[in-house]
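Residue numbers (our numbering): 708 to 1137.
Glycine residues also receive a C-beta, built at the ideal position from the N, C-alpha and C atoms.
As C-alpha cells, this is what we get:
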C-alpha cells in the first residue's frame, strides 16, 4: 500500500491509498474464495465449483467490490496510523480507480486542529482561599433561631411585622368577587411577601376579630391577565395573632439541631464554620476553574471543527438526561417545562461544549510539552478513586475498563496536566 496524505482546510485531511501487485491480487482471491462458498453451480457441490466458473458466474465487478471490503478489513487502521492521523469523525471513503491491476481509494476525514501552545504556567489567575467571618456565623445562628422559633398566641396588642395571623379574606374587582380571591382561616406570616404588595403591610396594626377593607392594585406583570394592573378591594378579618418567640443562642439550641457531634454552642459554631467554608470554597474553585480555562483558551487560540463540538454537546446532554431520569424526567420534558426545545438547549450549551473541547486539546499538548508519564501507582490511585465513588470493587472496575486502558491513561495524564497548570498560579486568602 502506498499513501499520499494531504491537509485540507477546516481541519480536513485527505489520504489517497493505492493498492497493487500481490496485495491487491490476494484481496481479489480472498473475495473470490468467499463468494465461491455462496455460489451454486449445477454439477458441483456448493462451494466446490472451479474458480473460473465461479468468476464467470459472478462477474469481475462483484469480485472487485468485495475485494475492496477485504482491503478495508485488513488495512483500514493502517491507512490512518501509518500517517499519524487520528480521525475525530467517521472517515468518508471513495473509490477513485478500480480494476484487476490497481485499486486507488481516497479517504477524507476530520482531525483535531493544529495550534501553537501558548502560555500555560503562571497565568494571571488567582485562586481564592475561603475564610469565614464572625458575621457569617452569627447570620447562620440567627437562621437556626428562626427555624426553632415558637409561635405564641398574642392575647393583647395588634399585628406587627413578623407575626403570623389567621385571617378570612375575599377579593373584589368592581364590587364583584373574583376567582381565587377568597379563603377562610388562612395562616399568613406578615413580611413574608406571600401576597401582592400592600396586602400584608395594611394588616399591620389590626387586632383580634377586627375587620378591614384593603384597597390595592395588582402588579402589571401579574399572572392572571384579567387582574394585572387592576384596582381591587379585599375584605379581611383577623381571627388570631401569633408572635414569634426566638430561642436563646446557647447549648440547648445546639442540641436541638440534632446532628452527630454537636452538643454545645461551640460545636455548632465549628460545624457552621465548616459548612460555610466548604460552600464558599466550592464557589471559589468553580470561579477559578472557569477563569483559568478561559485564560488558557485565550493564550492558545484555535478553531475547532463542528463535529468535535457536536460530539461534546451529545455527551453533555446525555449527562443531563441521566441526571433528569433520577427525577423521573426526560430531556424533552425538561425542555418543555422551561419553554424550550432540544435544539434550544443545544444552542444554550454550545459555547460551553466548545470551551471543553479546546481545554481538552490544550491539556493534550501540555502532556506532550511536559513529557508527562503515567506510572502503575497513578493507575492504581485512579481506580481506587473511581471504585470508592461508585462503591464497586477495585478489581471489578479494572475488568470493566480492561479494553479502554489507553483512554484511562490519557484521562490520568490530562488530570496531571491540569494539576500542574493549577499549581503554577497564585493563591490568595480571602
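Environment of residue i [buried if 16+ CB atoms lie within 10 Å]
i: residue 1007; result: buried
i: residue 1045; result: exposed
i: residue 709; result: exposed
i: residue 976; result: buried
i: residue 802; result: exposed
i: residue 895; result: buried
i: residue 714; result: exposed
i: residue 1040; result: exposed
i: residue 1104; result: buried
i: residue 743; result: buried
i: residue 1107; result: exposed
i: residue 1076; result: exposed
i: residue 1112; result: exposed
i: residue 1089; result: buried
i: residue 1054; result: exposed
i: residue 724; result: buried
i: residue 716; result: exposed
i: residue 1137; result: Here residue 1137 scores only 48 on pLDDT, less than 50, and its place in the model should not be relied on; the value that follows carries that caveat. So residue 1137 ends up on the exposed side.
C-beta atoms of residue i and residue j nearer than 8 Å
i: residue 926; j: residue 935; result: yes
i: residue 774; j: residue 735; result: yes
i: residue 873; j: residue 912; result: no
i: residue 1073; j: residue 827; result: yes
i: residue 949; j: residue 870; result: yes
i: residue 1069; j: residue 1024; result: no
i: residue 888; j: residue 900; result: no
i: residue 816; j: residue 789; result: no
i: residue 943; j: residue 918; result: yes
i: residue 1124; j: residue 1081; result: no
i: residue 961; j: residue 1020; result: no
i: residue 792; j: residue 722; result: yes
i: residue 1085; j: residue 1094; result: no
i: residue 1052; j: residue 1042; result: yes
Candidates the options, of which the one nearest residue i by Cα
i: residue 995; options: 1077, 727, 1130 and 977; result: 1130
i: residue 783; options: 814, 805 and 759; result: 814
i: residue 1119; options: 709, 1100 and 1092; result: 1092
i: residue 799; options: 728, 772 and 719; result: 719
i: residue 822; options: 1083, 1014, 1089 and 1067; result: 1067
i: residue 920; options: 1094, 908, 949 and 1046; result: 908
i: residue 923; options: 929, 903, 915 and 914; result: 903
i: residue 1133; options: 830, 769 and 712; result: 830
i: residue 1015; options: 1084, 949 and 819; result: 819
i: residue 854; options: 964, 1113 and 880; result: 964
i: residue 759; options: 739, 776 and 745; result: 739
i: residue 833; options: 1101, 708 and 1000; result: 1000
i: residue 838; options: 1019, 990 and 1080; result: 990
i: residue 982; options: 1097, 847 and 715; result: 847
i: residue 673; options: 737, 836 and 959; result: No statement about residue 673 is possible, as the shown extent of the chain runs from 708 to 1137 and does not include it.
i: residue 840; options: 1121, 1053, 1107 and 979; result: 979
i: residue 726; options: 962, 713, 1012 and 771; result: 771
i: residue 945; options: 890, 1042, 1017 and 880; result: 890
i: residue 938; options: 880, 1111 and 1106; result: 880
i: residue 897; options: 849, 863, 929 and 947; result: 947
i: residue 769; options: 786, 1030 and 737; result: 737
i: residue 959; options: 1017, 966, 972 and 967; result: 972
i: residue 1013; options: 966, 1096 and 1057; result: 1057
Any C-beta of chain D under 8 Å from that of residue i
i: residue 1125; result: Going by chain labels, chain D is absent from the structure shown, which holds only one protein chain.
beta-carbon residue i near the ligand ATP non-hydrogen atom, thresh 7 Å
i: residue 1113; result: Of the ligands one can find in the structure shown there are none, so the ligand ATP has no counterpart to examine.
Does the stretch 851-865 come close enough to the stretch 1029-1043 to have 3 or more Cβ pairs within less than 8 Å?
no
Three or more C-beta pairs below 8 Å linking the stretch 975-992 and the stretch 871-886
no
Between the stretch 792-808 and the stretch 721-740, do at least 3 Cβ pairs fall closer than 8 Å?
yes
Let me know the alpha helix (DSSP H) ranges lying completely inside the stretch 835-897, each 4 residues or longer, listed in chain order.
841-854
Looking at C-beta atoms only, is the number of pairs between the stretch 1048-1067 and the stretch 998-1012 that lie closer than 8 Å three or more?
yes
Could you name each continuous beta strand (DSSP E) segment of 3 residues or more that falls completely within the stretch 710-795, going from the start of the chain to the end?
719-727
Counting only runs of 4+ residues fully inside the stretch 1003-1062, write out the alpha helix (DSSP H) ranges in chain order.
1013-1032 and 1038-1044
Inside the stretch 923-1007 only - alpha helix (DSSP H) runs reaching at least 4 residues
958-963 and 972-1006
For the stretch 794-825, list the beta strand (DSSP E) runs that are entirely contained and at least 3 residues long, ordered along the chain.
799-805 and 809-817
Mind pulling the alpha helix (DSSP H) runs of 4 or more residues that sit fully within the stretch 1100-1136?
1101-1107 and 1112-1130
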